[in-house]
Every structure is written in structure tokens, then in C-alpha cells.
Amino acid sequence: MGLLESRSLNFKNVLILGANEGTLPRGNKDISSIPFDVKKQFGLPTFMENDAIYAYHFYRLIQEAENIHITFLESDTGLIQEKSRFLLQLEAESGHQIKKVFPKIPQSLTPVDIHLIPKTEFILEKLNRWKMRISASSIYLYFKSQQEFYMRYILQVYEPENIKELDARLKGKLIHEILSIIYKPFVDTYLSAEALKKALDNLQYYFSQGIKLLKLDLEFINEGQNYIELTTAFDICKAVLQKDLEDVVAGHRICIVGIELDFADVRFTLNQETREQVYFSGIIDRLDIFDSQIRVIDYKSSTMKIPKSISTKTSNDKIKGARQLFIYVMAVEQLYFEKLSKQHPDNSFELTTGFWVLNLTQDGFIAELSPTSALISDLNEEIRAVITEILDPSIDFDLNKKTETY
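202 is the number of the first residue of the sequence shown in the working numbering; add one for each residue after it.
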């Protein structure tokens, strides 16, 4: 019970915990807008009267007790408050024999290595769910840092979004949202010069809609560096529309198949003998038909070149884009290619994937990977090896391991 609750009660055994200054008594902790001097001048109660009340209840509580145990916190660092003035008064004036005990908790200085996390049943259950919706970014994250992979996909701990700064990630998200708003009405239709010119005229409206959907605060994005990034995002969206308009005017036929196309259940055979399968998922930024090409387009904020082959010296960052395109190739082959061929029987389509760099120095789509590329075989083996390692119960997560190369 609290000290005030002990009023008028006598106890044979009394145990008082935390008898430090600031607790017993409370001291000057009153939250008041009236200054101390004003209270004194007009006879209002101050913390000094409260200290007197605490003193009365403390001494009344221990007056009839036979066994009294009082604890307080003490530290060599000086970070803990000193013991209560009431204890000092007892030592100096009470005349009683006071036994002092100073117990110390032993501290082990032996470092504990906990960077290896064994794959328990809980972790294996999480990994069984993960293997049903594997993304290219999760494989990249595993190579980059097993600790980050463990935090995100096992413990499901995510970093909070910073909406007070229009950084590269948030700017990219805004551009994706605006392009989605612009192009979704064109899905399953061929782009026309008239429609693209109208979209250019209404670009400011689409831009404001994108800002509303992301719930961005206009007050903070319309000033300083944020305003510069916002203006750049507007110019990039305008450049994408202008490039499509230029291609259409030049006589190219562009049919939008999908924008921000969410796919799942893309099969990948992990073990040829056991026929064990895992499944990929992801989002294709833009899928279109450009003349006789089926183009899988991934928007990027900066130039990205994929390697011609993969070796132990190939950096994880370079393989990142290649893995993405590889999964897109499988997704389109399994989910869309046959359907598109039936819808457009007059065309003999060629499938290609690549990047559309969203900056003002690049101009349009850059093809990087097709189903016949020599890199496909390397990517097949690389992805199969890393997924097998992640799912292997005998291989612990190494939270200290960060891999820059494959």
C-alpha cells in the first residue's frame, strides 16, 4: 500500500521500498503555474507543507513496528538520487541500533554472442509463408543484411515512414502514384496523340490527386528542398507523357496492358528431383505492347545496368535489378503471354524487360533482359541457391553477415 493509505494503522513488520529523495518525500514536484514566492506571500500551501505531511506519516508508521526494513537505491555513478533525509535523521537522532546492508548484484563481463539465430518452428512457419510470396526485394535484402531480412520477414518489424521529408523513396512513390492515375484509364487501349495531349493539359490536376492519395502535407512539401523535389517529380511525369506522345506521333502503336500490375503465384521449381516449388509475387510498374514487343517496364530513379553474367565478384546491387527482371519474365510468360497472343492474333510478340529511368537526363525505355538472354541460366541457379539456403533448417541466420557480392 501507499504511505498515505497506512494512516491510523499499526504494523508489526514494516517494509519500505525506494526511500530516496524525490520519492520520500516527493520534494518540489508540484505542477503549478503559481510561483513559490507568490504562494508564500499569500499563505498558500507549498511543497514544504507536503514534505511535513510525508514526515508525519513516515514516523507514525514506524512508531509501533517491531521489525523495520527500509531500502533505497545507490550507485557509484551518481545517477541515482541520494537516500531520503528521513533515513539520515534516523541515523543521527533515533538512538536505535540500525543494521546497514549493501547487497551488490554480480555483473558478468563475459560477452554473449547472439548473432546466430537457429531456425525454430516459429521461424520455419514464417519462412513457409514467405516462400508462397517471394519478392525480388526480399532476396536482395537477405544478401544485403540477414539481420534486416530477419527483422522484416520473420519479426515483421518495419521502419516508420518519414512524411516530413520528400526523400528519394517518397518522391518515387509519388511519381508511381501519379503515373498510375494518368495511365490506368488507358488500360487495354492503344494510346492516341489526342489522349496524351489532354493528359498533359490536366497534369497539374493528376499531380494534386497523387498528393492527396499519399496524404502529403502541402505545408511541408511546398517549401525548401521538398519544393525542389516536388517540382522535379512533376517534370519527370511530364517527360514520360511527352516520350509516349513522341512515339505515337512517330507512328508506333502502344497498347497499355497494365499499370501497377500486382501478380502472385508465379511458380519456380526449387528442386528438380522432389519437384518442390516456391512462388514469386510482385508489382509490375507498367506492362505494354510496343508494336510487336511486349514490354515489361520497371521504373527506376537512376540508371541501372545489369551484368552480362554472374560470378562471385558480381555485386549484390548489380544483381538486384537482374533478379527483378528475371521474375518479371517468368510472371509474364506464365500469366499474360498466352492471353495477349490470343487477344492480338495478328502479332508475333517478342517479350523484353527493362528499365525506364525516371529522371530528366534519360529518355524512355531501355531493354535489358529477354527470355533468351544468356543471363537467365545464371539467375536461375543464383536464385535457386539463395532460396534453398534461406529455407534450410540447418543453416542459422547470421545477424552479422552482410554480403556485397554474390
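The C-beta atom is built at its ideal place from N, Cα and C for all residues, glycine as well.
Is the distance from the Cβ of residue i to the Cβ of residue j below 9 Å?
i: Asp-619; j: Leu-462; result: Because the chain in this structure spans residues 202 to 607, residue 619 falls outside the shown range and cannot be described.
i: Gly-483; j: Ala-451; result: no
i: Asp-489; j: Ile-437; result: no
i: Val-449; j: Leu-380; result: no
i: Ile-588; j: Lys-332; result: yes
i: Lys-521; j: Lys-506; result: no
i: Lys-670; j: Glu-424; result: Beyond the ends of the chain as shown, which are 202 and 607, falls residue 670; an answer cannot be given.
Helix, strand or coil for residue i? Go by DSSP, reduced to three states.
i: Val-558; result: strand
i: His-270; result: strand
i: Val-302; result: coil
i: Asn-472; result: strand
i: Gln-357; result: coil
i: Ala-451; result: coil
i: Glu-582; result: helix
i: Tyr-260; result: helix
i: Ser-571; result: coil
i: Lys-399; result: helix
At the level of alpha carbons, what is the spacing between residue i and residue j?
i: Arg-476; j: Phe-350; result: 26 Å
i: Lys-300; j: Leu-291; result: 12 Å
i: Ser-542; j: Gly-459; result: 15 Å
i: Asp-389; j: Gln-544; result: 10 Å
i: Tyr-607; j: Ile-584; result: Here the model assigns Tyr-607 a pLDDT of 47, short of 50, so the residue's position is not dependable, and the following value carries that caveat. About 10 Å.
i: Ile-269; j: Asn-214; result: 6 Å
i: Tyr-529; j: Thr-311; result: 49 Å
i: Leu-218; j: Ile-271; result: 6 Å
i: Ser-233; j: Lys-416; result: 39 Å
i: Thr-470; j: Leu-356; result: 27 Å
i: Tyr-480; j: Glu-569; result: 23 Å
i: Asn-211; j: Met-202; result: 13 Å
i: His-453; j: Gln-405; result: 27 Å
i: Asp-466; j: Gln-426; result: 41 Å
Could you pull out every residue in the same chain whose Cβ sits closer than 7 Å to the Cβ of residue i, ignoring the five residues on either side in sequence?
i: Phe-237; result: Thr-247
i: Ala-440; result: Leu-561
i: Ala-400; result: Ile-383 and Leu-442
i: Ser-493; result: Asn-548, Ser-549, Phe-550 and Glu-551
i: Asp-564; result: Lys-444
i: Leu-342; result: Glu-349, Phe-350 and Arg-353
i: Arg-208; result: His-258
i: Leu-367; result: Ile-422, Asn-427, Glu-430 and Leu-431
i: Gln-347; result: Phe-598, Asp-599, Leu-600 and Lys-602
Just tell me which of the options has its CA closest to the CA of residue i.
i: Ser-571; options: Phe-550, Gln-357, Leu-317 and Ile-382; result: Phe-550
i: Leu-289; options: Ala-266, Lys-305, Glu-447 and Ala-256; result: Ala-256
i: Thr-432; options: Thr-321, Ser-409, Arg-454 and Leu-414; result: Ser-409
i: Glu-534; options: Ile-520, Ser-510, Lys-501 and Arg-496; result: Arg-496
i: Ile-455; options: Ile-429, Arg-487, Asn-211 and Lys-284; result: Arg-487
i: Leu-600; options: Ile-263, Pro-319 and Pro-304; result: Pro-319
i: Leu-559; options: Arg-370, Lys-398, Ala-575 and Ile-511; result: Arg-370
i: Lys-398; options: Leu-446, Ile-376 and Tyr-359; result: Leu-446
i: Phe-303; options: Ser-285, Glu-322, Glu-275 and Arg-330; result: Glu-275
i: Ala-575; options: Glu-539, Pro-508 and Glu-474; result: Pro-508
i: Asn-581; options: Ser-510, Ile-235, Ala-293 and Lys-413; result: Ser-510
Within its chain, find whatever has a CB closer than 8 Å to the CB of residue i; leave out the 5 residues flanking it on each side and keep chain order.
i: His-297; result: Leu-291
i: Val-358; result: Met-352
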